[in-house]
Each structure stands twice: as structure tokens, then as C-alpha cells.
Amino acid sequence: MCGIIGYTGKEKACPILLDGLRHLEYRGYDSAGVAVENSDREDHPIEIVRVKGRLQALTEKTNDGASVEGRCGIGHTRWATHGEPTELNAHPHAAKDRRVVVVHNGIIENFQELREVLTRRGYEFHSQTDTEVVAHLLDAYYQGDALDAIARAVTRLRGTFALGILFREEPGVIYAVRKDSPMIIGRAESGNLIASDVPAILKYTRNVCYVKDLEIVRLTEDSIRFFSIDKEEIQKEFTTVQWDADAAEKGGYAHFMLKEIHEQPKAVADTIHPRLKDGRVDLSELGFEESEIASLRRIQMAACGSAYHVCVTGSYVLEKLTGIPVDVDLASEFRYREPVIEPNTLMVVVSQSGETADTLAAMRYAQQKGVPVLAIVNVVGSSIAREADKVLYTWAGPEIAVATTKAYSTQLAACYLLALYIAQIRGTMTDEAISSHVEELLSLPGKIERLLEEKERIQWLANKFSAERDIFFIGRGLDYASSMEGSLKLKEISYIHSEAYAAGELKHGTISLIEKGTLVVGVATQPQLVEKEISNMVEVRSRGACVLGITSYGNYTIEDHDDFTIYIPKTADCFYPSLVVIPLQLLAYYVSLARGLDVDKPRNLAKSVTVE
Ligand code: F6R
């Protein structure tokens, strides 16, 4: 979604803002802008430069930032919600005479009502955005005390927001405040920064502080002060982010997605290794009492998009290994269907960003019903990580490409760890079975590495299929969950229509879509289901489909029934999704590449979906 950066310090601000925005591009945007205040001039004017489209246009318009003077400023990449992506709707937005200038992430739900009130008071609106309301509202409350104006204004706002604010009468100062939309503060050598996301400021500092809901921050070149909404000063801890600046660069790869696909062996190893000890899983970091685990009667999982597919896989694995019934929901459905949540339920939510609005809402719903929430999260300090009762971090590092790859793989690994840990405590698996699964887990990074070595062949297949109109993915059980992920990955970055089906469902309608030459990707890894899956592949092939089979080494009879085969190394049945996903990710990547598309930033999509 939208991105925010702000800097006040000794250096010229505009180049730093542009660099920060470049590192936020991955979040998705359709216009961009900066506002820089020039304290060196007596009237300290605020210059605003905005463009529709790519950041490159802003870079050109400001001559790489050189033409905009000043050492204090805020910048924004906008992903249109209220009003089209135009220069006029791009942020920053200003109140009259630029007394107040604002960048905003999130949605102000009562903007219409506020707009009417402010219009009656003589304020003129120049854009269609909800953000402009915030600038005027702050101006209306501003009587020479910025902190007071912010505290009053935010109590009038309904919805979600992260705001970066400049007041012309306070040169060199940036204010920040948030509610349900991320905001971090960074302390660097040359000055201080605000940002909606860590990668934006990694180049300048790893010393960060996470702003909580309704905390107000005041930054100058050499001070950072935090206030509660009651204007009381509060003390906050800074932490050191483990991610390094290189992690947010392409490092020689053509795209972040390809780089992140290749980072999977390490990311999976980093996620599992610290949690394996002497052939057993150690998740004592979660702080569960054994009695809590023993008394669990149900697990409820919820997430969005690919993280939901992780939950589907996780539900099969958890149920199979622990014997506990598991329900899975899309977070956006869960939050509104008023689900019955019984006592002794564990809610598990999965999120890379830790900021997905629907997942956050699903988690809060479960907490209100009195059950604990365990969150599988990648971003340390994110909203979900902070609010969950227990957090199992995935150690994927920053994921920049919009289409998730390494975060997905580490989320799968986290689900396996959780399932084995619960099984250990409840005694639903023998010690031998646990230790053989642990051994298999340890071998996954090496097997992923082997699959990556076959990328040229997948690229060859991708070039062959890049002009398809529809592609179907079919599988049973865990292979159905993998098919859903393969289909989503392909459609989101190649724009080819694609569907995933439980193979047994084909005959109930979908098979009528199969015609001569339709590509069907059949995933067949689960030993007890391979034959049944192959029969479904035969059914579609006999209706003209071209079949790409994905199975494990040893299942060579598949070649009698498909047109192309991708073999994956053998592993424990429940870990196959971690291997199947590698060729599926590569297929999506290379199809998108062959079609000449923007792999890392597919149209209409944002990396972190902080609105419903
Ligand atoms: C697809 C993708 C999305 C995310 C979804 C949830 O490639 O990345 O479907 O999985 O938006 O995001 P997080 O995990 O940040 O909650």
C-alpha cells in the first residue's frame, strides 16, 4: 500500500526522501510526492512536488532531489483509494498557505462528514482524497501548538492512519502519529527519520523504535520525543533491526522475486535451526504451559492470500500430526461471519507483514472471545506481532517483491514446527517419528537448493506456456493447497487467468472448461493419493488438455499420462508443499518475465494490505 518517509537532519532532505521512497516502491503505488521545508530562508517555505505514475518522474522533476532545497521533509508513495491516481490527489496535501502539510497511509472513514464540516468553515478542497481532510482539520485546530492540534484532530478521525506532518511555523520539525497503520522512527548519524516500513531507512540506520497506536512523535535534527494522546511525554525503547541494508537491494539478481526465491534455503534454515534441539522441536520461546497444549480442543487458523494457503497446508499437517481438529478461514470472511469460538481453542494467524488489516481484525475478534492468539509473523515489531499473545517469528528477512516466496516457505516451516511441537507434548507421535521428521526438516533447505538448480528447464517450460489464456492447477489434499498457491502466484504476476481445483471436484463442473491445448498443472506427491490424482490427469488429458505433472522421484508411471514432468526430491509426506512450491514459483516468475511484465510490482497490487 502507500509508503511514508520523512527526514530532518544535517543533509539535504529531498535525495534522502527519494531514496526512501525507492525502497518503498515494492509496497505498490500509482503516484508519489515530497514536501520539503527550507529553514535556511527566513519565511521557511515548504515546497511540494508531486507526480502521477512512477517515482522516476519525481526523480526527474526534482533533478534527483537537487532542485529542492531544505533539510526537513516528508515523502509519500500513494496507492489510490479515494480519488484516481492523479497529481492532484497525490500526497503531500496541504492546508491553506501550507501552514500544515500531511502525508497519510490508511483510510479516514468519516472523511465525508469532516469535509462537510470543514467546507462550512470556509476550507476549500482541491483533491478527492480523504487525506486533505486531515490537513485542514489540523489547520483548524492549530493555535500555535502543534502537539495540541494533533491530539485534538486524531480524536476526530475514524479509520486507520499513519501520518507524517509538517507545520510551517515549526521549521525543522516532523510530527508523526498512527492508528492501525505502521510507523517507525529511525535515529541516524545525520538526523532522524520516520517511515512506514523498515527497508526505507535501512541505508541510514538500524536503530529504530516502533510507534504505538495514538502515540505522537516530534522529531528534530537532534531530538526525538514521544507523547501520549494526552500530551504527556513518554519514554520509549529503541531496538536494533537485524536486517541489513543489502537485504533490501537486488544483489545482482534481475528482480527481487528471483533473489528471494534463491534465498529460500537460507530463510527456511534460519527459521527451523534455532528451534531444533537433539532431534526434537523446542518452541519453549512461545511460553506455553504443557497443560495449555494438552487441553487444546480446537485450532482455528486465519490469514489472507498466500498466507491463507499456508493455513490450509498447516491445517492438514496440524490435524494429522496432533489429532486436534483444525478450522481454516480467510481472515476477511472470519472477521464478519461471527464464528463460534469455543474455550480451549488456539487461534493461529499467519502474516508476513504483520499489518494485514483483515488478519489483524480476525486476531482481535478471537482475543475478544477470550482465546489466545499465536501469530506466525515475519516483521518484528509489526502490529500483529505486538498484539498477539504469542509470536512465532519466521526469519525470512525483508521481502520486497509483491509476490511472496521466501516468507511463504518460512511460514510453512513454522507450521511444521508448531505441529511437531504440539504432537510431542500431546504424545500423538512416537519419539522415532518425531526425530525422523526433524531429520527431514533439516534436509529441506538442501532439497530446495537442488530444485533451484533446475531453473533453466522451468524457464524453458515457462517460455512454452507464456501465451496461454487459462491455466488450471489441480491436486488432492496437501497438493490441493500447493495448487492454490501455484495458481495465485501465476495469476498475480503473469495476468493469465488461472484457477486451482481439488482434483476430485473437476467432474462437478470445471472439466467443461477443458479444451484442446488447455494447460493443466497436476500436483501428485501424496503417496496415498498419487493414483487418484493421475486418474484426474488422464481425464483432463483425454479431453485435450496438455498436462504438466509435478511428482516425487520414483513415481515414473506419471510419464505415461502427462506431457511434461517435474520431479521433486522425496521427503516426509507432510513436507512436500515446501518442495512443490519451488517449481511453481519459478514457473510464475519466468512466465511473467517472458510476457515482459513488471515481476516485482504487478499491477493493482500492494505488498502490505493495511486496509480492508
Ligand atoms: C501473494 C501475496 C499475498 C499475501 C497476503 C497476506 O503473493 O503475497 O497474497 O500473502 O496479502 O499478506 P501478509 O502475509 O503480509 O499478511
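Every position in the sequence shown, counted from 1, becomes a number in the working numbering once 1042 is added.
Beta carbons are placed, not taken as given, at the ideal position from N, Cα and C, and that holds for glycine.
- Between the alpha carbons of Ile1207 and Ile1271 lies a distance of about 16 Å.
- Leu1205 is bridged by DSSP to His1146, Val1219.
- The Cβ-Cβ distance between His1178 and Leu1160 falls below 8 Å.
- Counting along the chain, Ser1529 sits inside the alpha helix (DSSP H) bounded by residues 1520-1536.
- Within the same chain, Cβ atoms closer than 8 Å to the Cβ of Ser1477 are found at Gly1321, Arg1322, the five residues on either side in sequence being excluded.
- Taking the Cα of Thr1171 as reference, the smallest distance to any Cα among Leu1189, Tyr1184, Asn1152 is reached at Asn1152.
- Non-local C-beta neighbours of Trp1285 in its own chain, meaning closer than 6 Å and more than five positions away in sequence, comprise Gly1439, Pro1440, ordered along the chain.
- For Arg1406, the enclosing alpha helix (DSSP H) has its first and last residue at 1399-1410.
- Nearest neighbour of Ser1374 by Cα position, chosen from Thr1262, Glu1654, Asp1072, turns out to be Glu1654.
- For Tyr1435, DSSP records a beta bridge to Val1419.
- In this structure, the alpha-carbon of Leu1180 lies about 28 Å from that of Gly1107.
- If you look at Ala1456, you'll find it in the alpha helix (DSSP H) that goes 1448-1468.
- With fewer than 16 other Cβ atoms inside 10 Å of its own Cβ, Asn1505 counts as exposed.
- Of the heavy atoms belonging to the ligand F6R, none sits nearer than 7 Å to the Cβ of Ser1584.
- Where Met1343 is concerned, there is no enclosing alpha helix (DSSP H), although the beta strand (DSSP E) around it starts and stops at 1340-1345.
- Relative to the non-hydrogen atoms of the ligand F6R, the Cβ of Gly1347 comes within a distance shorter than 7 Å of at least one.
- Setting aside the 5 residues that flank it on each side, Ala1443 is surrounded in the same chain by Phe1298, Met1299, Glu1302, Asp1642, each with a C-beta closer than 6 Å to its C-beta; the list follows chain order.
- For the ligand F6R, no non-hydrogen atom lies closer than 7 Å to the CB of Glu1151.
- In this structure, the C-beta of Lys1531 approaches the ligand F6R to less than 7 Å from one of its heavy atoms.
- Taking C-beta atoms as the reference points, Ala1408 and Val1415 count as a pair closer than 8 Å.
- Secondary structure note for Leu1639: it is in no alpha helix (DSSP H), with a DSSP letter that is neither H nor E.
- Counting only residues of its own chain and dropping the five nearest sequence neighbours on each side, Ile1556 has a CB closer than 6 Å to the CB of Val1582, Arg1585, Ala1587.
- Assignment of beta strand (DSSP E) within the segment 1255-1293, counting only whole runs of 3 or more residues, yields 1258-1261, 1266-1269 in chain order.
- The DSSP-derived three-state label of Ala1242 is helix.
- In the three-state reduction of the DSSP assignment, Gly1125 falls in the coil class.
- Considered as a whole, the segment 1368-1393 harbours 1373-1376 as its complete alpha helix (DSSP H) runs of no fewer than 4 residues, in chain order.
- Collapsing the DSSP output to three states places Gly1546 in a helix.
- Bridge pairing for Cys1588: Leu1561 [DSSP].
- Within the same chain, Glu1302, Ile1303, Gln1627 come within 6 Å of Thr1447 by CB-CB distance, once the 5 residues on both sides are set aside.
- Under the DSSP assignment, Leu1235 falls in the beta strand (DSSP E) whose first and last residues are 1233-1237.
- Around the beta carbon of Ala1055, a 10 Å sphere encloses 16 or more other beta carbons of the protein chains shown; the residue is thus reported as buried.
- Taking the Cα of Leu1548 as reference, the smallest distance to any Cα among Ser1081, Ser1529, Arg1518, Met1471 is reached at Arg1518.
- Between Glu1158 and Phe1167 a beta carbon distance of about 10 Å is seen, past the 8 Å cut, so the two are scored as non-contacting.
- Of all C-beta pairs linking the segment 1275-1289 to the segment 1316-1336, fewer than three are shorter than 8 Å, placing the two stretches out of contact.
- For Thr1398, the Cβ falls inside the 7 Å cut-off from some heavy atom of the ligand F6R.
- At the C-beta level, Ile1150 and Val1110 stay beyond 8 Å of one another.
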